[in-house]
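Participant: Sharing a structure below in structure tokens format, with a few things to ask.
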Amino acid sequence: MEPKVLEAKIFKLLGCVYYGDPFHSAKGWERGNEIGKTWDRFMKLYIKYKDFLDSIKFGKAQGYEVHIEPDDYTKHKKFHIFVGIEVKSLEFFPMEMFYKVFPESQYLFFTSKYMGKGTEYVFSQWLPESKYEPSYPFMMQSYHPDRWDEKDMENSLMDWYIPIKLKEEDKD
188 MEPKVLEAKI FKLLGCVYYG DPFHSAKGWE RGNEIGKTWD RFMKLYIKYK
238 DFLDSIKFGK AQGYEVHIEP DDYTKHKKFH IFVGIEVKSL EFFPMEMFYK
288 VFPESQYLFF TSKYMGKGTE YVFSQWLPES KYEPSYPFMM QSYHPDRWDE
338 KDMENSLMDW YIPIKLKEED KD
């Protein structure tokens, strides 16, 4: 799917977090790494609070995974992982969960196969050759029930959201 630029949006997510090197215990895309463990923790809490979470859930995605790079990422190779659901505004949430409001931004949106197959073009060609650049140091993946199957992940699809802004030279 060709990437498209979406209108500015604010994402409000509720879920679980991890900070550190998520691949210290297992390689990327392996269920045993810290990202997989964060998903497992979130899914247990989702089951525990299902009725409440279903009542505040926004949109059709069954879940989001956000990779947030802190200022010292290049030095330490540690980053934040946020796993959760998009929610409407809320006044209460379970103590074991975290609420994160991502800043308003336009997003570069595209779909890939599981394990990010097909994303190389977007990151190595489309984005560098476009009039856009990342606006914030994070990227988001979302999973939809009509395109994601735990039993057939190789053929499953995932959506990507990269926060973007016009490059300085293209603002005129």
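Going by the working numbering, the sequence shown opens with residue 188, and the numbers climb by one from there. Glycine is no exception: its CB is placed at the ideal position from the N, C-alpha and C atoms.
On the DSSP bridge assignment, give the partners of L344 in chain order.
Facilitator: Paired residues: K300.
Participant: Whole angstroms is fine: what's the gap from K235's alpha carbon to E189's?
Facilitator: Each residue's Cα considered, the two are about 38 Å apart.
Participant: Are the stretch 236 to 243 and the stretch 203 to 211 in contact at 8 Å, needing three or more beta carbon pairs?
Facilitator: Not touching, per the Cβ criterion.
Participant: My assumption, with CB atoms under 8 Å, is that I222 sits in contact with E252. Please give the rounded CB distance.
Facilitator: Yes, they are in contact, since the Cβ atoms of I222 and E252 sit about 7 Å apart, within 8 Å.
Participant: Roughly how many angstroms lie between the CA atoms of L295 and P324, to the nearest whole one?
Facilitator: Using only the alpha carbons, I get a separation of about 13 Å.
Participant: With H, G and I counted as helix, E and B as strand and the rest as coil, what does DSSP make of P350?
Facilitator: Note: P350 maps to strand in three-state DSSP.
Participant: Relative to the C-alpha of F297, which residue among F280, Y330, P290 is closest?
Facilitator: Checked all of F280, Y330, P290; the closest Cα to F297 is Y330.
Participant: Helix, strand or coil: which one does DSSP assign to G219?
Facilitator: DSSP places G219 in coil when its eight states are reduced to three.
Participant: Would you mind reading off the limits of the beta strand (DSSP E) that contains L277?
Facilitator: Where L277 is concerned, there is no enclosing beta strand (DSSP E), given that its DSSP letter is neither H nor E.
Participant: Confirm, please, whether the CB-CB distance from S292 to S322 is below 7 Å.
Facilitator: The answer is yes: Cβ separation under 7 Å.
Participant: Indicate the three-state DSSP secondary structure (helix, strand or coil) for M284 in the structure shown.
Facilitator: Three-state DSSP puts M284 in coil, outside helix and strand.
Participant: Relative to the C-alpha of Y301, which residue among M230, Y233, M282, E341 is closest?
Facilitator: When only C-alpha atoms are compared, the closest one is E341.
Participant: Distance, Cα to Cα, K318 vs P350?
Facilitator: Taking the straight line joining both Cα atoms gives about 13 Å.
Participant: Given that a residue counts as buried once 16 or more other Cβ atoms are within 10 Å of its Cβ, and exposed if not, what is T261?
Facilitator: Exposed is the call here.
Participant: Determine the burial state of G271: buried for a count of at least 16 other Cβ atoms within 10 Å of its Cβ, exposed for fewer.
Facilitator: When all chains shown are included, G271 counts as buried.
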